[in-house]
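**Student:**
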Amino acid sequence: MTTYAFLSDEWLSEARKIRDEYGAGGAPVPEGMKMNLVITEVPFREGSIDAHMDSTDGLIEVELGHLQPADLQVRLDYLTAKAILVERDPQTGILAFMNGRIEVEGDIGKLMTLQSLPPNPEAQEMAERLRRITA
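Per this note's numbering, residue 119 is the first one in the sequence shown, and the count goes up by one each step.
1) What is the rounded straight-line gap between the Cα of Y122 and the Cα of I226?
2) Does DSSP classify T158 as helix, strand or coil?
3) Using C-beta distances below 6 Å, list every residue in its chain close to R247, excluding the 5 sequence neighbours before and after it, in chain order.
4) Go through its chain and collect everything with a Cβ distance to R193's Cβ below 6 Å, but skip five positions before and after it.
5) Please go through the same chain and pick out, in chain order, the residues whose beta-carbon is closer than 8 Å to the beta-carbon of T198, but skip the five residues on each side of it.
6) According to DSSP, simplified to helix, strand and coil, what is R193?
7) Give the straight-line distance between the Cα atoms of R163 and L130, rounded to the nearest whole angstrom.
8) Assign D172 to buried or exposed, taking buried as 16 or more other Cβ atoms, counted over all protein chains shown, within 10 Å of its Cβ.
9) When we look at the beta-carbon of A87 and count the other beta-carbons within 10 Å, is it buried (16 or more) or exposed?
10) Decide if E132 is buried, meaning its Cβ has at least 16 other Cβ atoms within 10 Å, or exposed.
11) Rounded to the nearest angstrom, what separates E149 and L232 at their Cα positions?
In structure tokens:
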């Protein structure tokens, strides 16, 4: 299977295809949230990547660019973002936050709500497919 660098153009294209296959079968989210992400220390390009996560339609969608207005903004490095978003490693996220490698501005309560959601089998299957395409 071909793998791609997390957040590269090729990875994003494949991730969109996987997301589109699941459509409404993704992870339902009880509370809508718009979160902007600033991902730093990207190994394959200069500068940071601006992305966002939007769950206002009841499903989690991650895409490039920022939303205005947003409930919060999270700034984190590439490896931490990959561990949280692809590898679904909450321990890395907790340690990074405690060590100041994740900066949050805005409604942190919404972020905590998202992290406390119970596992969803379809979302876990989708996440596993994303892991398989990620170098």
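Each residue gets a CB set at the ideal place from its N, CA and C atoms; glycine is no exception. Note that the structure is a prediction, hence the values are computed from the model and not measured.
**Tutor:** Walking through what the data contain:
1) Going by the C-alpha atoms only, they are around 31 Å apart.
2) DSSP places T158 in the strand class (E or B) of the three-state scheme.
3) Counting only Cβ-Cβ distances below 6 Å, and skipping sequence neighbours, we find I136.
4) If we look at R193 and ignore the five residues flanking it on each side, its Cβ neighbours are V156 and E221.
5) Cβ neighbours of T198 beyond the five flanking positions: T210, G211, A214, R219 and I220.
6) R193 sits in a strand when the DSSP states are folded into three classes.
7) Each residue's CA atom was taken as its position, placing R163 and L130 some 15 Å apart.
8) So D172 ends up on the buried side.
9) Past the boundaries of the shown model lies residue 87; the chain is included only from 119 to 253, so the question cannot be answered.
10) By the 10 Å Cβ count, E132 comes out buried.
11) Each residue's Cα considered, the two are about 8 Å apart.
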